[in-house]
Amino acid sequence: MFLRDSGRGHRRGRDRQAAIVPAPAGRARFTGHAPAVAVVGGGIAGIAAATLLAERGAHVTLHEREPDLGGRLSGWPTELADGTTVTMSRGFHAFFRQYYNLRGLLRRVDPDLGSLTRLPDYPLRHSSGLRDSFARVPRTPPLSAMGFVALSPTFGLGDLTRINPRAALGLLDVRVPEVYERLDGISATDFLHRIRFPESAHHLAFEVFSRSFFADPRELSAAELALMFHIYFLGSSEGLLFDVPGEPFPTALWEPLHRYLEVHGADVRTQTPVRQVRPLPDGGLNLTTDDRTIQYDALVLALDSGALRRLVAASPELGDTDWRARIARLRTAPPFLVSRLWLDRPVAHDRPGFLGTSGYGPLDNVSVLDRWEGEAARWARRTRGSVVELHAYAVAPDSDRSAVQDETLRQLHRIYPETRSARILDERHEWRADCPMFPVGGYRDRPGVRSPDPTVTVAGDMVRTDLPVALMERAATSGFLAANALLERWGVRGQTLWTVPRAGRSAVLRRLAALAD
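Residue 0 is where the sequence shown starts when you use numbering that gives the first Met the number 0, and the numbers rise one by one after that.
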């Protein structure tokens, strides 16, 4: 059930039309005997699930295979050539203002979200010279769409007359899961061609957004792209501006939440991968790590697609045949590169903290970390240098990785010519391939929060939630939903959640969208 925001949410800074997802009812917390719950995976989804369960008094053990929490937003120390210890990570992440449930998780340790810094714009640049900005675009639909078209150099009068209105109208009333029924069978690229968006807008704006899913838009489900339009642009008044942590991820986010979990009685076990899960005949499950087997009453699987496939394959008694087959078909997105460069001089003072790019070979965006991250800023002030980060998404698996790294640097020199004369004092290159793939037709294989075993739930950014959420917000939301499902079985109150509107924002827009049917 969804309810409209009565105004309380707006006073907390939410969209007036944000939807409330009521918590399952029950007693406030466990009294007397409490169940033992294992959460496997210490990323956003696992932390959200573990946090809620621990708050309600369950005996929570969080298993994470890496040395630290954070999953794909983790960070780790590295020593530079000058002897400075800094934090390396898997790169930039945007904390959009419609990430209500992720922000609710962070507010546990940072009530005013002072750890987040607002960036003034989301600028985009194409190699042809075209540029887009969202700083002056109105936030509330339909003014947001009208403002973007009016202000963007990628839309001309002739382009507007060529758009296929029947195909485009469906974007005015995106609903989950109906959007997957309509659009999961075609690619994001084919969908944009069907709408007849101008090629310049296609490449500059929408391709940049679709590649934020770490996938080539020719492979990405159009349903995910349409959902993205709804969440960030056409369905929400939060707009496309975002915040970033003012310090590295561990300092700003995960170390405080780690302490919070321990204060609430959770046992956080890092460097402890779970190798197998075995359901027991009389209820409960045995989890096997490298050095022991432990019995639990319930389990939250909060793993990335590849790790979930491997654990389910190693646990032949878990779930049923259909569920296991669907898990086995989950795909992982192509590799991506994060290059971080410590330069001996600053980039030009007017460079944005973040720039999305298109048409620059493999380079998808550039971050000047010392514009917002305290650790990078302190290093830059001391050395009179700068810290620059480059991302390349959806790199062909058979690519020469050194060549890709060299090409992203060459493209940086094209975009910010002053960096050509800069000396690289140190550099780190992180190659990863563990993000979920949302391929055409893949929605039916994605697991839901509930599994065939009522004591096992699933969380993560690839999980089907039937809510309009994506990326980090889907991870946080699914983590809370996974905990809610278990708490409901035990008669304990769950977590109230929020989403952007679940349908078009107004009756007028919904009636217009109906014309596309």
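Each residue gets a CB set at the ideal place from its N, CA and C atoms; glycine is no exception.
With distances taken from CA atoms, which of 236, 151, 290 is nearest residue 196?
As a working mapping, residue 196 is identified with position 197 in the sequence shown. Comparing Cα positions, the closest option is 151.
Take residue 310 as the anchor and find which of 286, 275, 341, 252 has the nearest alpha-carbon.
Sequence index remark: in the sequence shown, residue 310 carries index 311 (1-based). Of the candidates 286, 275, 341, 252, the one whose C-alpha sits nearest the C-alpha of residue 310 is 275.
Pull up the distance between the alpha-carbon of residue 336 and that of residue 433, whole angstroms please.
As a working note, residue 336 is residue 337 in the sequence shown. As a working note, residue 433 is residue 434 in the sequence shown. Straight-line Cα distance between these residues: approximately 12 Å.
Note the first and the last residue of the continuous beta strand (DSSP E) segment covering residue 76.
For the purposes of this step, residue 76 is identified with residue 77 of the sequence shown, where counting begins at 1. Its beta strand (DSSP E) spans residues 74-78.
In chain order, what residues of the same chain lie with their CB nearer than 7 Å to the CB of residue 132, ignoring the 5 residues before and after it?
As a position in the sequence shown, residue 132 is number 133, starting the count at 1. Same-chain partners within the cutoff: 120, 122.
At the level of alpha carbons, what is the spacing between residue 79 and residue 364?
Here residue 79 corresponds to residue number 80 of the sequence shown, with the count starting at 1. Here residue 364 corresponds to residue number 365 of the sequence shown, with the count starting at 1. Taking the straight line joining both Cα atoms gives about 24 Å.
Identify every run of the beta strand (DSSP E) within the region 437-487, keeping only runs that are complete inside it and at least 3 residues long; order them along the chain.
Within the region 437-487, the complete beta strand (DSSP E) runs of at least 3 residues are 455-457.
Would the beta-carbon of residue 486 fall within 8 Å of that of residue 25?
Looking up residue 486 in the sequence shown gives position 487. Looking up residue 25 in the sequence shown gives position 26. Yes, these two residues count as a Cβ contact at 8 Å.
Would you tell me roughly how many angstroms separate the C-alpha atoms of residue 334 and residue 379, rounded to the nearest one?
To locate residue 334, count along the sequence shown from 1; it is residue 335. To locate residue 379, count along the sequence shown from 1; it is residue 380. Each residue's alpha carbon lies about 30 Å from the other.
Can you tell me whether residue 420 is buried or exposed, with buried defined as 16 or more other CB within 10 angstroms of its CB?
In the sequence shown, counting from the first residue as 1, residue 420 sits at position 421. With fewer than 16 other Cβ atoms within 10 Å, it is exposed.
Rounded to the nearest angstrom, what separates residue 61 and residue 302 at their Cα positions?
Reading the sequence shown from its first residue, position 62 is the one you call residue 61. Reading the sequence shown from its first residue, position 303 is the one you call residue 302. Answer to the nearest angstrom: the Cα atoms are 12 Å apart.
Count Cβ pairs between the region 25-35 and the region 431-447 that sit closer than 8 Å; are there 3 or more?
No, because fewer than three Cβ pairs between the region 25-35 and the region 431-447 fall closer than 8 Å, the two stretches do not touch.
Please report the straight-line C-alpha distance between residue 520 and residue 185, rounded to a whole angstrom.
Within the shown structure, residues of the chain are numbered from 0 to 516, placing residue 520 beyond reach of any answer.
Which residue wins for smallest C-alpha separation from residue 97, given the options 106, 149, 236?
Taking the sequence shown and counting its residues from 1, one reaches residue 97 at position 98. The residue with the shortest Cα to Cα distance from residue 97 is 236.
Would you tell me roughly how many angstroms separate the C-alpha atoms of residue 94 and residue 280, rounded to the nearest one?
Stepping through the sequence shown from its first residue, residue 94 is reached at position 95. Stepping through the sequence shown from its first residue, residue 280 is reached at position 281. Cα-Cα distance, rounded: 44 Å.
Do residue 14 and residue 462 have their CB atoms nearer than 8 Å?
On the sequence shown, position 15 is the one that residue 14 refers to. On the sequence shown, position 463 is the one that residue 462 refers to. Cβ atoms of residue 14 and residue 462: not closer than 8 Å.
Where do the N-terminal and C-terminal ends of the beta strand (DSSP E) with residue 297 fall, by residue?
Counted from its first residue, the sequence shown places residue 297 at position 298. Unbroken beta strand (DSSP E) run through residue 297: 297-300.
CB residue 469 to CB residue 298, shorter than 8 Å?
By one-based count along the sequence shown, residue 469 stands at place 470. By one-based count along the sequence shown, residue 298 stands at place 299. For residue 469 and residue 298, no; Cβs fall outside 8 Å.
Entirely within the region 88-134 and at least 4 residues each: give me those alpha helix (DSSP H) ranges in chain order.
Whole alpha helix (DSSP H) segments, 4+ residues: 99-105.
Within a Cβ cutoff of 6 Å, which residues of the same chain sit near residue 259, ignoring the five residues on either side of it in sequence?
As a working mapping, residue 259 is identified with position 260 in the sequence shown. Taken in chain order, the residues that qualify are 107, 108.
Do residue 451 and residue 501 come within 8 Å of each other at the CB atom, strictly closer than that value?
Counting from 1 along the sequence shown, the entry for residue 501 is found at position 502. Counting from 1 along the sequence shown, the entry for residue 451 is found at position 452. No.
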